[in-house]
Structure formats: structure tokens, C-alpha cells
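Heads up, the sequence shown is in our numbering, so the first residue is 2 and it goes up one at a time.
For each residue, glycine too, the CB sits at the ideal point set by N, CA and C.
The model shown is predicted, which means the values in this text are computed figures rather than measured ones.
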Amino acid sequence: MNARRLVCVWLAVLALLAPVMAATAGQPAAAAPRQLRVLTFNIHHGEGEDKVVDLGRIATLIREARADVVGLQEVDRGVERTGRRDLLKELADLTGMRYAFGKNFDVQGGDYGNALLTSLPIVSEGNKPLPVVGGGETRGVLQVVLDLHGTRTLVLVTHLDHRRPDAQRVASASTMLEMVTAWGDGPVVAIGDFNDVPGSSTHRALTTVLTDAWVSAGQGDGFTIPIEAPNRRIDWILVRGLVPTSIEVLKTMASDHLPVVATLEQR
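So, in C-alpha cells, the structure goes:
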């Protein structure tokens, strides 16, 4: 085949492909789902199983988990037992993240409660007290609105009552559901130490509206306590309007709980 005939063949092929190329040229490529890494960790006021308060190892765990949003429970700020240190501010400095705090009560001259670290912009924050039943501790829900790629997303961080029976936890679950309803149809992430197990009244109530990320994407039992030979899954990541694609329990000696990290997709 001489050069002139070869050119003619290629021109004919291009003429056949031109309508297809024109039809697809104006169509944008499908956008990849945006991912959000969420971690929940009861840090036991920074004290590990070795009885050492070591925030460096907690910060390293957060960085290595590539977390965008971190819910923390049992956080001391200015408390005597942890040397009057501001554990939240120190963790924020170590991770380079923004932070929010929800104080639940005074401890040894300082503040004690739930906290959030995030790489995302914080739109607003507040703390809602939870019902106290039968003389239990004052508990609360830290509520933070984040800007997730232009979508306002509600994040709730909590630590529910540990006592049996479960009246206070069930009442707390009801309050949290009211908060979700009041938020409207936007995405929600509810994370924390719920001090209860799957199948409990607390879990059943919350999962009427929220999806348990472990049930959706987890493998194995997901136990988080005690850290050696764990046998209970009480630290949960619950979502609405986001799709869990992976979730795992991380191994560490930095607390008396094991942290849980999930990947969520914004579709």
C-alpha cells in the first residue's frame, strides 16, 4: 500500500469516528466519589494501658489513619490528674487540625467532655446536654457543622452512660434522633463511645434513622474493649447520607479503648 492510499484509509477511519467523538466530547467524565475518613476514639484522658499520658502516640495514630474528622471522648482540659494540660489544644497542635469542644462537667478544677478534631472548615459548634436518669453523670452531645466540599454536614460526638439498666442511654438516643430530625435531610455522622452493644435498645433506636458503618462495611466482630482480648463493640460510627466503604478497628496501647476508623463516600 503506497503512502497516498494509506492516508486515504486513515481519513476514512477518522470520518467514521467523528460522530462518536463529537457525541462524547461534550460529556464530562464521571466525578470520582469524594471520600471522608472518620475516626472515633475514647482516649481515657490520654492515659494508656501503661498508665502513661502520651499524646504523641495518639497524634501519630490520627495522622497515620489519615483521618479528616476525629471524635474524641474523655478529654481533659486543665484537669489536675493530667497536670492541668489542655489535651485538646495539644492534640490539635500535634495534628495540625481545627478543634471543637463540648464540656459536660467539672473535674478536679478543669473541664471534661467530648471533642472533635478536623481538617475541614468548621461552620458552627455547640453542646447539647443529654437527659440524666436515676442520678447518672451529666452527659452531652458535641454538635459540629462542617463544610464537606460545599455540603454542610452535621457531626455528633458523644459518650453515653455506662450503667445498667439502659434507661439513660435510651433517653439519650431519643434526644440524638431529635437532633438528626431537626437537621433536615443533610448528611449526618454520629460517633462516640455508646457504652452499649449492637442489638441493644440504644442501637436499635439509633439505627432506625442512621446506618451502622460496621454493619455496612465491617469484617469480623469490631470489638473495641478491653484492648487485650476485646469482646464488646461499644464504639460506633453511624451515618446518614454518606456511604461506608471500609471500616476497621486500630490496634494501640494509647487508651483503654481501641479506636475505629471508617471511609465514607459522598455521592
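With 16 other Cβ atoms within 10 Å as the buried cut-off, status of ARG78: Start at 1 with the first residue of the sequence shown, and residue 78 comes out as number 77. When all chains shown are included, ARG78 counts as buried.
Indicate whether VAL142 and ILE123 have their beta-carbon atoms separated by less than 8 Å. Taking the sequence shown and counting its residues from 1, the one referred to as residue 142 is at position 141. Taking the sequence shown and counting its residues from 1, the one referred to as residue 123 is at position 122. In this structure, VAL142 lies away from ILE123, with their beta-carbon atoms at least 8 Å apart.
Which residue's Cα is closest to the Cα of ILE248: GLU50, PRO231, VAL240? Position 247 of the sequence shown, counted from the first residue, corresponds to residue 248. ILE248 has its Cα closest to that of VAL240, out of GLU50, PRO231, VAL240.
Just the C-alpha distance for GLY127 and GLY103, rounded to the nearest angstrom, thanks. Residue 127 sits at position 126 when you count from the first residue of the sequence shown. Residue 103 sits at position 102 when you count from the first residue of the sequence shown. In this structure, the straight-line span from the alpha carbon of GLY127 to that of GLY103 is close to 7 Å.
In the structure shown, what three-state DSSP assignment does THR203 receive? Numbered from 1 along the sequence shown, position 202 holds the residue referred to as residue 203. Assigned with DSSP and collapsed to three states, THR203 falls in helix.
Let me make sure I understand the geometry here. Which of LEU265, ALA255, ALA263 has the alpha-carbon closest to that of ASN48? Looking up residue 48 in the sequence shown gives position 47. The sequence as given places Glu at residue 48; Asn does not occur at that position. Comparing C-alpha distances from GLU48 to each of LEU265, ALA255, ALA263 shows the shortest one belongs to ALA255.
Examine the Cβ distances between the region 170-184 and the region 204-224 and report whether three or more of them are shorter than 8 Å. Short answer: they touch.
Exposed or buried, which one is ALA60 when buried takes at least 16 other CB atoms within 10 Å? Taking the sequence shown and counting its residues from 1, one reaches residue 60 at position 59. Buried, because 16 or more other Cβ atoms sit within 10 Å of the Cβ of ALA60.
For LYS104, the residue or residues it bridges with in DSSP: As a working mapping, residue 104 is identified with position 103 in the sequence shown. Its beta-bridge partners are GLY114.
For VAL53 and chain B, any beta-carbon pair shorter than 8 Å? Absent here is chain B; the protein component of the structure consists of one chain.
Nonlocal neighbours in the same chain, by C-beta distance under 7 Å from ASP148, ignoring five residues either side: Residue mapping note: residue 148 aligns to position 147 of the sequence shown, counting from 1. For ASP148, the CB contacts under 7 Å within the same chain, skipping 5 residues up- and downstream, are LEU121, PRO122, VAL124 in chain order.
The beta strand (DSSP E) that contains ILE123, what's its start and end? For the purposes of this step, residue 123 is taken as residue 122 along the sequence shown, with counting starting at 1. Element bounds for ILE123: 123-130.
Ignoring anything shorter than 3 residues, give me the beta strand (DSSP E) runs that lie fully in the region 241-266, in order along the chain. Listed in chain order, they are 244-250.
Assumed close pair GLU81, GLY110 - CB separation to whole angstroms, cut-off 8 Å: Indexing the sequence shown from 1 puts residue 81 at position 80. Indexing the sequence shown from 1 puts residue 110 at position 109. That belief holds up - the Cβ atoms of GLU81 and GLY110 are roughly 6 Å apart, short of 8 Å.
Just verifying my parser: in three-state terms, what is the DSSP assignment at GLN169? Locating residue 169 in the sequence shown gives position 168, counting from the first residue. Three-state result, GLN169: helix.
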